[in-house]
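The numbering of the sequence shown is this note's numbering, which starts it at 14 and goes up by one.
Take a look at the structure below.
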Amino acid sequence: MDLSHQDIKFLPGVGPKKADLLAKELNIHSTEDLLHHYPYKYVDRSRFYYLHEISEEMPFIQVKGQIIRFEKVGEGHKQRLSAIFTDGQETIELVWFKGVKWVLEKYKTGITYVVFGKPSPFNGHFNLVHPEIELESQLPPPEQMGLQPYYNTTEKMKTNFLNSKAIQKIIYPLVKTIKSGIPETLPAYMLKKFALLNLTESLSNVHFPKNADLLNKARQRLKFEELFYIQLSILQQTKWRDQHFKGFIFNKIGYFFNTFFNQNLTFELTNAQKRVIREIRIDVGSGRQMNRLLQGDVGSGKTLVALMSMLMAVDNGFQACIMAPTEILATQHYASITQLLVNLELKVGLLTGSTKRKAREEIHEQLRNGKMDLLIGTHALIEDTVQFKNLGLVVIDEQHRFGVEQRSKLWKKNQNPPHILVMTATPIPRTLAMTLYGDLSISVIDELPPGRKPIQTFHYYQNKRQGLNQFITKQVDSGRQVYIVYPLIQESEKIDLQNLETGFEYIRDAFPHYKVSMVHGKMKAADKDFQMQKFIAGETQIMVATTVIEVGVNVPNASVMIIESAQRFGLSQLHQLRGRVGRGAEQSYCILLTDFKLGTESRKRMEIMVRTNDGFEISEADLKLRGPGDMDGTQQSGLPFDLKIANLAQDGKMLEIARRAAAEILDDDPQLEKLENKVMSVQLSRMKTNTLNWSVIS
Ligand code: ADP
Ligand code: MG
């Protein structure tokens, strides 16, 4: 019996209409999908409580008794229905704000009901608001009810009578039928080695736990399996890739690298930079194609590492390119790289969306005939018209800004794929990196160049603006520059832009003696660039901008970052913005401005920002606060697999165990051909047909 082919339409209580809803709303198509739609919480209904036992900490309470009387309170749309309910000894008030007519028709006094709900304190006693009410005769005895599962549904499902309860009723008989045994998806030796519950028991207990202990074991098993197969899949494809693609061999460190290192480099590399360059050097000399992720906090000097890697390519007769997510950043890379390479006879090009046709054609030509050594650019790089003579290394800066597809296009720019170095300043927690970039080797720059003073961060409410203006004056008068950033989110772009423009006017009025630049995403590239260049050159002192300046921009003289409506930014974004200052020798400051009224989560974000400058700590905190699906920088690429039960913020240890187990198995049996591993290759191929096509390229 293959449950993945069993249409849910024919299950009791489903039918075509509900099947359609389940498919559209929750992507549930087969019996198997249903079985893997796990409850998100459980509620203890294993006994009846007495009303005198109620306390505020109880999430839910189940009481048996009768309604004594109904009472309508209030008028019009403020009207509510109250029912006095007794367990035979004490009474409690049941309350409805909606559906009064329906309740009055359905429930009667003097009949024994089981009432279930969340006790909420009100005027010194407890209420149950919108409780669930059932006839005792319709419920299984409490000892059989046990821990009741609660399932995620959507508003649309609820209005179509597909609430959690309805799903429970659909799954209940299903779990009964699988009790006769469904095919195990992990080999027996693994169940034994990791002391895991078998699949049948796990599915049965995850939906209808016999007790808390079995529920726990069931969840452990299902989490392990989920993480294990993701890792197995990633590692198997990585192995396949490594075997299929031979890497170009850069076996010499030559003229350009050495001259740059000995003559052009004016400062000492940090130890972390040296270590990473060594790691890259080993990769590109190994004969395997490099696929490396370089993580390093803002300002840690990743560009330099990228440049020196590109010089390795050039020394070995190859071309190299670097792709940045914005025009501002590409232009800046071009400026700093050409400056760093001064006196070295290398041909470096800049290609962006606004490169003029003639210049563009010349670049194309020089790339094809090999006259151009290094190319710096934006998305414009991946267009088909851009063809290299011999591309050996591709660097992708701020890679989380690009999708898998864009990255894979660069891969194909040479017959043999070039080495790939992707860089990110959005530190990714280890567990997330292992899943998102599980097929990449990882290098970390965990050290900032010496002499930087840690940025001081403050959280102010809007009413501190006067004091803030004085602070800005002081900074600018001592020669510094200031950023003021406004949020810009898609949904209300117009209002945001208004805010930005009003902010700009306000700043110009408040600081009539200073020159103010403004940059936002809706401006023409040339205008943006013009304003940016003025700020970089120090001709303007204050830069009012949206997050277009978030990524990579480097103005060492800027020492103050003011973030307006900071509560509207995610943690990683705040950290990125803060990273725009603290790049010079001066003490730098980051000011987070918010309304006085703040949600708990926003308040936490502000606290974390004030407390630490450590990007990794911030990304861990972000993961815990928001969950992996919502993390900044990962929405675009998204998790390649949909995690149904494992949680990357909590199950890090298990993830490591699962990854190690997968690696060991593949070392021993790369094709999963051994009899005892057969079940895994079957499971993997099922996963591949069931999920989106997971490309070999990350
Ligand atoms: P990021 O990692 O954020 O991309 P950058 O590569 O832009 O950082 O480097 C930030 C600044 O630090 C640049 O001005 C760069 O020249 C400088 N820098 C890089 N490495 C060193 C070093 N080892 N010592 C001193 N300054 C450095
Ligand atoms: Mg950078």
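Even glycine gets a Cβ: it sits at the ideal position worked out from N, Cα and C.
For residue 229, three-class secondary structure by DSSP: helix
Reference residue 35; option with closest CA among 183, 484, 213, 147: 183
DSSP-derived helix/strand/coil call for residue 388: strand
Identity of the residues DSSP links to residue 406 by a beta bridge: 333, 432
Cα-Cα separation, residue 697 to residue 624: 44 Å
Whole-angstrom distance between residue 129 and residue 632, CA atom to CA atom: 40 Å
CB of residue 132 within 9 Å of CB of residue 97, strictly: no
Whether residue 308 touches residue 458 by CB criterion (9 Å): yes
Sequence-distant residues of the same chain with beta carbon closer than 6 Å to residue 485, five excluded per side: 495
Outcome for residue 154 when other beta-carbon atoms lying within 10 angstroms are tallied against a minimum of 16: exposed
Any non-hydrogen atom of ligand 1 closer than 8 Å to residue 408 Cβ: no
Anticipated Cβ contact below 8 Å, residue 289 with residue 456, distance rounded: 4 Å
Residues near residue 126 by beta carbon distance below 6 Å, same chain, minus five either side: 146
8 Å contact criterion, which residue 336 and residue 362 should meet: CB distance rounded: With 8 Å as the limit, residue 336 and residue 362 do not qualify as a contact, their Cβ atoms being about 13 Å apart.
Beta-bridge pairing of residue 571 - partner residues as DSSP gives them: 494
Neighbourhood of residue 73 by C-beta, 7 Å cutoff - its chain only, sequence neighbours within 5 removed: 56, 129, 130, 131
In DSSP terms, what residue 309 is bridged to: 458
Where residue 594 falls, given that 16 or more other Cβ within 10 Å makes a residue buried: buried
Span separating the alpha-carbon of residue 201 from that of residue 678: 14 Å
Contact check, residue 462 vs residue 280, beta carbons under 9 Å: yes
Residue 701 classed as buried or exposed, judged by whether at least 16 other C-beta atoms fall within 10 angstroms: exposed
DSSP bridge partner residues for residue 449 (one or two, in chain order): In the DSSP output, where bridge partners are listed per residue, residue 449 has none listed.
Distance cut-off 8 Å: residue 532 Cβ against heavy atoms of ligand 1: no
Residue 543, DSSP secondary structure in three states: helix
Residue closest to residue 366, alpha-carbon to alpha-carbon, out of 83, 341, 675, 381: 341
Secondary structure of residue 28, DSSP reduced to three states: helix
Other residues of its chain near residue 251: CB distance less than 7 Å, five sequence neighbours each side excluded: 452
8 Å CB neighbourhood of residue 424 in its chain, flanking five on each side removed: 407, 430, 431, 433, 710
Bridge partners - residue 663, DSSP secondary structure assignment: DSSP, once it has assigned bridges, lists no residue as partnering residue 663.
Distance cut-off 8 Å: residue 310 Cβ against heavy atoms of ligand 1: yes
Cβ-based burial, residue 466 [other Cβ within 10 Å; buried from 16]: exposed
Under the three-state DSSP convention, the category residue 378 falls into: helix
Distance between residue 639 and residue 648 (C-alpha atoms, nearest Å): Annotation note: pLDDT 37 at residue 648 (below 50); position unreliable, no value reported.
For residue 286 and residue 159, the rounded distance between their alpha carbons: 57 Å
Whether residue 634 touches residue 584 by CB criterion (9 Å): yes
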